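S.K.: Sequence order for the protein chains is A and B. Counting the first sequence from 1 gives a position; the numbering used here is that position plus 65. Counting the second sequence from 1 gives a position; the numbering used here is that position plus 65. Yeah, the Cβ is synthetic: ideal placement off N, Cα and C, and Gly gets one too. Remember, predicted model here, so these are calculated numbers, not experimental data.
Number of protein chains: 2
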Amino acid sequence: MKGILFVISGPSGAGKGTILERVLKDRQNTEFSVSATTRAPRPGEVEGVHYFFITREEFQNRIESSSFLEWAHVHDEYYGTLRDWVRSRLDEGHDVVLDIDVQGALQIMEKAVDEVFIFIAAPSIDELHRRLTKRGTESGEKIMRRLEVARHELEHVSKYEYLIINDDLSLACEQLSAIMASEKCRTKRLEYNLI
Amino acid sequence: MKGILFVISGPSGAGKGTILERVLKDRQNTEFSVSATTRAPRPGEVEGVHYFFITREEFQNRIESSSFLEWAHVHDEYYGTLRDWVRSRLDEGHDVVLDIDVQGALQIMEKAVDEVFIFIAAPSIDELHRRLTKRGTESGEKIMRRLEVARHELEHVSKYEYLIINDDLSLACEQLSAIMASEKCRTKRLEYNLI
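(1) Show which residues of chain A have a CB atom less than 8 angstroms away from the CB atom of V222/B.
(2) What number of angstroms, rounded off, separates the C-alpha of R158/B from the C-alpha of R148/B?
(3) Report the residue from H140/B, E86/B, E213/B whose alpha carbon sits nearest the alpha carbon of S235/B.
(4) Does the beta carbon of A186/A sit closer than 8 angstroms to a beta carbon anywhere in chain B?
(5) Using a Cβ-Cβ cut-off of 8 angstroms, state whether L70/A counts as contacting chain B.
(6) Note down, in chain order, each residue of its chain lying with its Cβ closer than 7 angstroms to the Cβ of S98/A, except the 5 sequence neighbours on either side.
(7) Just to confirm, are L219/B and L259/A a CB contact at a threshold of 8 angstroms?
(8) I think Q240/B touches A246/A, with their Cβ atoms under 8 angstroms apart; what is that distance to the nearest whole Å?
(9) Chain A partners of S189/B, CB-CB under 9 angstroms?
(10) Under a Cβ-count criterion, where at least 16 other Cβ atoms within 10 Å of its own Cβ denotes burial, should V111/A be classed as buried or exposed?
(11) Where does R200/B land, buried or exposed, given buried means 16+ other C-beta within 10 angstroms?
(12) Would you be able to state if there are at least three C-beta pairs under 8 angstroms between the region 73-87 of chain A and the region 206-217 of chain A?
(13) List the DSSP bridge partners of H147/A.
(14) Near Y144/B, what residues of its chain come up, given a Cβ to Cβ distance below 6 angstroms and the 5 sequence neighbours on each side ignored?
(15) For R92/A and L193/A, I'd like the C-alpha separation in whole angstroms.
(16) Determine the direct distance from the alpha carbon of E122/A to that of I208/A, and round the result to whole angstroms.
(17) In the region 196-259 of chain A, which residue ranges form an unbroken alpha helix (DSSP H) of at least 4 residues, counting only runs that do not cross its ends?
(18) Within 8 angstroms of any Cβ in chain A, is that where the Cβ of Q240/B sits?
(19) List the DSSP bridge partners of H138/B.
(20) Looking at chain A, which residues of the region 199-228 of chain B have a Cβ within less than 7 angstroms of any of its Cβ atoms?
(21) So the beta strand (DSSP E) T102/B belongs to, where does it begin and stop?
(22) Give me, in chain order, the residues of the same chain whose beta-carbon lies closer than 8 angstroms to that of V222/B; leave out the 5 immediate sequence neighbours on both sides.
(23) Give the single residue among F117/B, A170/B, H140/B, M66/B whose Cα lies nearest to the Cα of D156/B.
(24) Mind checking whether the beta-carbon of S247/B lies closer than 7 angstroms to any heavy atom of the ligand NAP?
(25) Could you work out which residues of chain C lie near S247/A, taking near to mean beta carbons separated by less than 8 angstroms?
(26) Please report whether the beta-carbon of I230/A lies at a distance below 8 angstroms from any beta-carbon of chain B.
(27) Note down the Cα distance separating N126/A from F117/A, rounded to an integer number of angstroms.
(28) Per DSSP, which one or two residues make a beta bridge with I185/A?
(29) Which of the three DSSP states, helix, strand or coil, is assigned to T83/A?
(30) Where does E112/A sit, in a helix, a strand or coil, going by DSSP?
(31) Can you tell which of G205/A, T95/A, P106/A has its C-alpha closest to the C-alpha of R154/A?
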């Protein structure tokens, strides 16, 4: 059976990272997508594991040849998801999780075939504010900017097929596991010959 | 949150009854649909629990007023699912499971809004044959007729959103639970105000 591409978005502070880490640990044959980037490797980063490190010229060529499922230009560096790489992982039967912001997900939705779009949210912007403040790793100004981005991203929630509201972490993990398991039972994905 | 109507079909011998019993036992707020019928109550059967027992005249009136989600005429008796009864259970927040044959499910699909259609199948007709024979409760002729019905019903599998192939009972139960849980996270069903 071909793998499934799960495209997962959610604001910083919604708990997406923790949920993904827990769920993927218990799940066979599921891996994170590896992005291509023009930025230099940091100490310890491994080609093909953390990123595919490519030159600006190569990135531009790949944009022109529509090789990216989605791409973005951030802080003067380029980041993108290589369509062929994802496709080959799926063809080999692996499920792939792409943790990406709403702008990236919207690019994929434009040409979506059978990807599964999941949004992970905090119960409210106020709760998101509390969590980011409690974390204590960012300035008030930076937190305000994150909340602004979150507010903007939430306007697109209805474009996602599934919404997990992370009020209780273990329930949210169960919900993500259930979504991933149920998608495996979609008739349209199954090749069956029961007769 | 409004409840969900799960419409579940599958041939005799696929294990549908066992799976439903196990999954519903562990699931809060989920109940079997209660059918209306013209046949007489059997000893121990309770009105409103096992069936709604109604007269032929009332059944006919309800057919004419489109009160049934689906209905059938079997062995000279009528059986049907009352739309208003289901709707009121859903409105009160209960999930309802309707265990029904393909003909009944097809009637509901015609006017489907947001019901969830699930088919539970044995891995093959040969395996179904083995299971029905092993059960030992029916004549060879009756088993042959059941296999014929199953073959015919399987032609409609692709109209169901989900397919559970019951090869391993506990996996099949997990899959049904996952489908029921994941449907609760469908954005279209959720009323959310996260901003």
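M.R.: Walking through what the data contain:
(1) Going along chain A in sequence order, the residues near V222/B (Cβ under 8 angstroms) are T252, Y257, L259.
(2) It is worth fixing the name first, because residue 158/B is Gly in this sequence and not Arg. C-alpha separation (whole angstroms): 16 angstroms.
(3) Per the Cα distances, E86/B.
(4) Yes, contact with chain B.
(5) For L70/A, the answer is no, since every Cβ of chain B falls outside 8 angstroms of its Cβ.
(6) Counting only Cβ-Cβ distances below 7 angstroms, and skipping sequence neighbours, we find T146, V151, V161, V162, L163.
(7) Yes, the Cβ-Cβ distance between L219/B and L259/A is below 8 angstroms.
(8) Between A246/A and Q240/B the Cβ distance is about 6 angstroms, and since that is below 8 angstroms, they are a contact.
(9) Neighbourhood of S189/B in chain A, by CB distance below 9 angstroms: N258, L259, I260, in chain order.
(10) With fewer than 16 Cβ atoms within 10 Å of its Cβ, V111/A is classed as exposed.
(11) Only exposed fits R200/B, as fewer than 16 other CB atoms lie within 10 angstroms of its CB.
(12) Contact annotation: the region 206-217 of chain A touches the region 73-87 of chain A, with at least three C-beta pairs closer than 8 angstroms.
(13) Per the sequence shown, residue 147/A should be read as Leu rather than His. DSSP lists F133/A as partners of L147/A.
(14) So the qualifying residues of the chain are S100, T102, A137.
(15) Cα to Cα, the separation comes out at about 28 angstroms.
(16) Roughly 35 angstroms between the two C-alpha positions.
(17) Taking only runs of at least 4 residues, the alpha helix (DSSP H) segments lying wholly in the region 196-259 of chain A are 205-219, 234-248.
(18) Between Q240/B and chain A, the shortest Cβ-Cβ separation is below 8 angstroms.
(19) Beta-bridge pairing links H138/B to Y143/B.
(20) Within the region 199-228 of chain B, the qualifying residues are R216, L219, V222, S223, Y225, E226, Y227, L228.
(21) For T102/B, the enclosing beta strand (DSSP E) begins and ends at 100-102.
(22) Excluding residues within five positions, the ones whose Cβ falls inside 8 angstroms are F184, A186, L228.
(23) Nearest C-alpha to D156/B: M66/B.
(24) You won't find the ligand NAP in this model; it holds no ligand whatsoever.
(25) Included in the structure are the protein chains A and B, with no chain C among them.
(26) Cβ-Cβ to chain B under 8 angstroms: yes for I230/A.
(27) One alpha carbon belongs to N126/A, the other to F117/A, and they sit about 15 angstroms apart.
(28) Per DSSP, the beta-bridge partners of I185/A are I229/A.
(29) If DSSP states are grouped into helix, strand and coil, T83/A belongs with the helices.
(30) When DSSP states are grouped into helix, strand and coil, E112/A belongs to the strand group.
(31) Nearest neighbour of R154/A by Cα position, chosen from G205/A, T95/A, P106/A, turns out to be T95/A.
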